[in-house]
Amino acid sequence: MSSAMTYKALLVDFDGCFAGKTLMVSDPVRKAIASIINRTFVGLATGRGLQGTIQRIIGEVPLTGLQILQGGPVIYDVNSKSIVWQKSMPPADVKSILDIVQSKNLIISAIENGEVYTNNDNPKDRFDPSINYKSLTDLPNQFVTKMAITTGDSPTDAAELAHMITYRFPSVKTIRWGHSHFNMYGIDIAASTKLEAVHQYLKILNLKPEEIVAVGDSYNDFPLLMSAGLKVAMGNAINEIKAIADYIAPSVDDDGLVWVIEKFF
């Protein structure tokens, strides 16, 4: 470890940081994580839910303890295999948003208690084909923690709708997920961010903000980086994230996370 500061935790966004377009974690990244796992908390802070890709990653990579999921409203403990903290959206707002989006013939999904529900009947067009999706008509709508609009062939319509939803429903906010391999608008709890989740993470683990290194690349990583003692942007990050970062690592395709681990841990 070449840094004078002793960092105790590493929180990393998944898409574009932990893994690239293939959604596979490279061998160098696996080995780098394994080299610090006995002395460092290593976790994801991702907009994705537990099902599908993240569940697979947790089984393949030696992550420890708490994982921040769905952009902030859920903290999952890989050791106990349980949700240790979560927040939900008002059911009335969820119903209204679902009705509005579907009236525009756009694809929307919702997550409740770890299960993913969607109105998309085509598995090939789904954000993560490895998820066991359920029909949106079966959504209980008692504890929805996240929704997402897939832009598909109508990015302008989706953008306008996302802005309208934010204006009409103060309980939620919309954040664009801008990656080359998918384009979506996450509908999140307005008062819930990766920043709030990190604060809960700190309380549970009895850590201080200055003891955390956070790594991000896209719009929804602003709160994550602002919560940490050390902010790192990936080389493939958007310019706005690079502008607030203390360091810029190599790109995800060049195993930038290995550079982060070797430099700061």
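Just so you know, we're using this note's numbering here: the sequence shown kicks off at 6 and counts up by one.
All residues carry an ideal CB built from backbone N, CA and C; glycine is no exception.
{"query": "In whole angstroms, what separates the C-alpha of isoleucine 62 from that of glycine 25?", "result": "13 Å"}
{"query": "Do glycine 48 and leucine 28 have their beta-carbon atoms positioned less than 8 Å apart in this structure?", "result": "no"}
{"query": "What first and last residue would you give for the alpha helix (DSSP H) that runs through valine 263?", "result": "261-269"}
{"query": "Within 10 Å of its beta-carbon, does alanine 250 have 16 or more other beta-carbons around it, so buried, or fewer, so exposed?", "result": "buried"}
{"query": "Across the segment 202-211 and the segment 61-80, are there enough close Cβ pairs to call them in contact, namely three or more that are closer than 8 Å?", "result": "yes"}
{"query": "Count the other CB atoms, across all protein chains shown, that sit within 10 Å of the CB of tyrosine 12; report buried if there are 16 or more and exposed otherwise.", "result": "buried"}
{"query": "Looking at methionine 152 and alanine 115, is the spacing between their C-beta atoms short of 8 Å?", "result": "yes"}
{"query": "Between the Cα of glycine 77 and the Cα atoms of Ser140, Ile192 and Val263, which residue gives the shortest distance?", "result": "Ile192"}
{"query": "For the candidate residues Asp133, Ser256 and Lys100, whose alpha-carbon lies nearest to that of leucine 144?", "result": "Lys100"}
{"query": "Just how far apart, CA to CA, sit threonine 58 and alanine 97?", "result": "30 Å"}
{"query": "Just list the residues that DSSP pairs isoleucine 73 with in beta bridges.", "result": "Ala50 and Ile80"}
{"query": "Kindly indicate which three-state DSSP category alanine 164 falls into: helix, strand or coil?", "result": "helix"}
{"query": "Please state whether the Cβ-Cβ distance between threonine 150 and glutamine 60 is less than 8 Å.", "result": "no"}
{"query": "Could you give the distance in angstroms between the alpha-carbon of alanine 238 and the alpha-carbon of proline 95?", "result": "34 Å"}
{"query": "Count Cβ pairs between the segment 82-93 and the segment 219-229 that sit closer than 8 Å; are there 3 or more?", "result": "no"}
{"query": "What's the C-alpha gap between leucine 235 and lysine 178?", "result": "26 Å"}
{"query": "Just to confirm, are isoleucine 102 and phenylalanine 148 a CB contact at a threshold of 8 Å?", "result": "no"}
{"query": "How long is the line joining the alpha carbons of aspartate 259 and glutamate 216, rounded to whole angstroms?", "result": "26 Å"}
{"query": "Indicate the three-state DSSP secondary structure (helix, strand or coil) for isoleucine 63 in the structure shown.", "result": "helix"}
{"query": "By the DSSP assignment, the alpha helix (DSSP H) with glutamate 117 in it spans what residues?", "result": "Run containing glutamate 117: none in the alpha helix (DSSP H); it sits in the beta strand (DSSP E), 112-117."}
{"query": "Which class does tyrosine 252 belong to by DSSP, given the choice of helix, strand or coil?", "result": "strand"}
{"query": "Please classify glutamate 165 as buried or exposed, where buried requires at least 16 neighbouring CB atoms within 10 angstroms.", "result": "exposed"}
{"query": "Three-state secondary structure (DSSP) at glutamine 107?", "result": "helix"}
{"query": "To test your reading of the DSSP string, which unbroken beta strand (DSSP E) runs of 3 or more residues are found completely within the segment 211-250?", "result": "217-221 and 235-238"}
{"query": "For the alpha helix (DSSP H) containing isoleucine 38, name the first residue and the last one.", "result": "32-41"}
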